[in-house]
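Q: The numbers in the UniProt record's numbering rise by one with no breaks, and the one at position 308 of the sequence shown is 308. Quick reminder that beta carbons are idealized off the backbone N, C-alpha and C, glycines included. Note that the structure is a prediction, hence the values are computed from the model and not measured.
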Amino acid sequence: MTNVATLDSPAVTTAKPKHYRPATELVHIETSTDPTGGPGSTVRDPYNAASVPIYQSATFKQPGAHGSGEYDYSRSGNPTRSHVESHLAKIMRAQRAFVVSSGMSALDVILRLVKAGEEIIAGDDLYGGTNRLLGYLSQYNGVVTRHVDTTEPLAVMEALNPEKTRIVLLETPTNPLIKIADISAIADLVHQQCPRALVVVDNTMMSPYLQKPLMLGADIVYHSGTKYLSGHHDLMAGVIGAKTQATAEQLYFVINATGCGLSPFDSWLLLRGVKTLAVRMEKQQDNARQIAEFLINQGFRVHYPGNPAHPQYELHKRLSSGPGAVLSFETGSTEVSERIVEATKLWGISVSFGCVNSLISMPCQMSHASIPAHVRQERALPEDLIRLCVGIEDPQDLLEDLENALHEAGALPRKSLG
C-alpha cells in the first residue's frame, strides 16, 4: 500500500505549469511521454493519447517484493485521478488538489481536521447539507460551530478564539441568499488573530473560472464537482484544493484512510467536463443577467451579484470576474412561489445547479429543508424564496417560460415581454 506514514500520494507534480488565460488553461492538459514522468507532467503516457485514458483498474502490479511502484491500489491513487487532480490544481492555483466522491465528501474530509473541543466559524446562510454536517459534528464529535454574518469581517473577528478556532468556513456567494464574504479581509484577520486556523471557502457557486479563493488568502478551497465543473449532472464529485503541501498531506491521509477518492471513470468524466467550463459559464451567466434584469423590472426582490443594486456589488466585482448563473427572488407569498415553480415547463424542478439545463426550486422546501423552520426564520431565510439555476438554453425561451409561469401563478398581470 501507499506509504501513509509519510503521507506520500502518487503522481505529485512538482514543476510549476505555465499559466495561460483562463479559457485556455481549462482546455490545455499537461501530459508527458517521458518514461520518468518529466518536469511538470502528471502521468506517464507512452502512447501520447489525445484524451486521458481511463485506468479502470483496482490494483497495480509491483516491480518487487517491497512494492515501490508509483501506483499500487486505486483507493490510494489512480493515473486517471492524478490527471484530473493535477489539472484542477493548476486552474485553482493550488499546491495540490484532490477529487473525492461528492461535494459533501470533500467537506467531510476537510472537517476531519477539526478535533473535539475545537470550534468552527461559519456563515448564517449555508447550503442545507453543510448545515446538517456541522450539526452532526456538534452532536457527536464535540465540535462547536458559531454561525455569524460573514458579510461582516468584524463579526468573524469577534467570534474568533485563538485557542479553539480551527476553521473559518465561508460560502461566497452564499446559497441561496447570494450574500458576499470578503475573503481577503477575513483571511487577513483570521491569520493575524488565529495563526493555526484555516480559512476554507466553498467556491462551488463561482467555479475556478470566475473566482480563485486561494489567491485571495484562503487556505483550502472546495467544490461540488457535480455542479459547474462537470456541467451535465451525470456524475457526483467533490474537489479540494490546498494552498500548502503540509495541508495537502493532512487531507490526503484522510482520503486514503477513508477510501473516498473518485473512481477512474468519474475522474475521466470530470476532466472532460472541466474543458468546457469557460464556454458554459459565459453563456449561463449571460442568460442569468437577462433573467435577473427581467425580474427586477417586474418589481421582484432579486438576489444576484450582477445586479448593481446588490449591497455588495462592488465587493463581488473585486473578488470575482463575473456574477455567475445562480439567482434567487422573493414573491411575498409561499403559495404564489409554489404555483410559479410548478407552472414552469423548461425550468426543471430540481435541487443542485451548474448544469447545462435550467433548474428551479424553493430552497426551504428542498435543498435547505433539513434546516429547522425556526432556524431558517432566525437566519432570515424567506420561505417564499425561489432559486433559479440558469442553463445554456436560448434566453428568450427561458424568459417566455418564466413569464408564463408568473402569469399562471397570479404573480404578474398578463402582458407580453415585447
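Taking a contact to mean a Cβ-Cβ separation below 7 Å, would you say R379 touches D124 in this structure?
A: The answer is yes: Cβ separation under 7 Å.
Q: Based on the DSSP output, what are the partners of G332 in its beta bridges?
A: Paired residues: none, contrary to the question.
Q: Which stretch, first to last residue, makes up the alpha helix (DSSP H) that contains G69?
A: Unbroken run through G69: none, as it is neither H nor E.
Q: Our contact map puts A405 next to I340 with C-beta atoms below 8 Å; I'd like the distance itself, whole angstroms only.
A: Indeed, because the Cβ distance is near 5 Å, the residues count as touching under 8 Å.
Q: Just curious, the alpha helix (DSSP H) that V27 is in, first and last residue?
A: Run containing V27: 22-27, per the alpha helix (DSSP H) assignment.
Q: For my contact list, L277 and V100 are in at a C-beta cut-off of 8 Å; report their separation, rounded to the angstrom.
A: Not a contact, Cβ separation roughly 19 Å.
Q: Taking just the CA atoms, how far does D286 sit from G38?
A: Because the pLDDT of G38 is 33, which lies under 50, any placement of that residue in the model is unreliable, and the number read from its coordinates should be weighed accordingly. The straight-line gap from Cα to Cα measures roughly 41 Å.
Q: Examine the Cβ distances between the segment 150-164 and the segment 362-374 and report whether three or more of them are shorter than 8 Å.
A: Flag = no, the segment 150-164 and the segment 362-374 do not touch.
Q: Does the segment 84-101 touch the segment 181-198, meaning 3 or more C-beta pairs lie closer than 8 Å?
A: No, because fewer than three Cβ pairs between the segment 181-198 and the segment 84-101 fall closer than 8 Å, the two stretches do not touch.
Q: I'd like the list of long-range same chain contacts for A218, defined as Cβ closer than 8 Å, with 5 residues on each side in sequence excluded.
A: These residues qualify, in order along the chain: L170, I183, A187, V199, V200, V201, K243.
Q: What did DSSP end up calling G123 once you bin it into helix, strand or coil?
A: Three-state result, G123: strand.
Q: What residue from I240, K275, R81, S51 has the CA that sits closest to T24's CA?
A: The shortest C-alpha separation from T24 is found at K275.
Q: Does DSSP classify E152 as helix, strand or coil?
A: Of the three classes helix, strand and coil, the one that applies to E152 here is coil, per DSSP.
Q: Would you mind listing the alpha helix (DSSP H) stretches within the segment 200-243 that are 4+ residues and don't spill past its ends, in chain order?
A: Within the segment 200-243, the complete alpha helix (DSSP H) runs of at least 4 residues are 207-210.
Q: What separation, rounded to the nearest whole angstrom, lies between the Cα atoms of A309 and L315?
A: Using only the alpha carbons, I get a separation of about 12 Å.
Q: Check E400 in the structure and name its three-state DSSP category.
A: Helix at E400.
Q: So, with DSSP's three-state summary, where would you put residue 433?
A: Absent from the structure is residue 433, since the part of the chain shown begins at 1 and ends at 418.
Q: Can you look up E314 in the DSSP assignment and give me helix, strand or coil?
A: Correct three-state label for E314: helix.
Q: How many Å lie between G332 and G391 at the Cα?
A: One C-alpha to the other measures close to 25 Å.
Q: Thinking K129 and I371 are a contact (beta carbons under 8 Å), I'd like their distance in whole angstroms, please.
A: In the sequence as presented, Lys is not what sits at residue 129; that position holds Gly. With 8 Å as the limit, G129 and I371 do not qualify as a contact, their Cβ atoms being about 10 Å apart.
Q: Cutting at 7 Å between CB atoms, please list the residues of its own chain near S105, excluding the five before and the five after it.
A: These residues qualify, in order along the chain: G238, C260.
Q: How far does the alpha helix (DSSP H) with I371 in it extend, from its first residue to its last?
A: Unbroken run through I371: none, as it is neither H nor E.
Q: Between L133, G117, L126, which has its C-alpha nearest I110's C-alpha?
A: Checking every option, the nearest Cα to that of I110 belongs to L133.
Q: Within the continuous alpha helix (DSSP H) that includes residue 461, where are the two ends?
A: Residue 461 falls outside the range modelled here, since the chain spans only 1 to 418, and no answer is possible.
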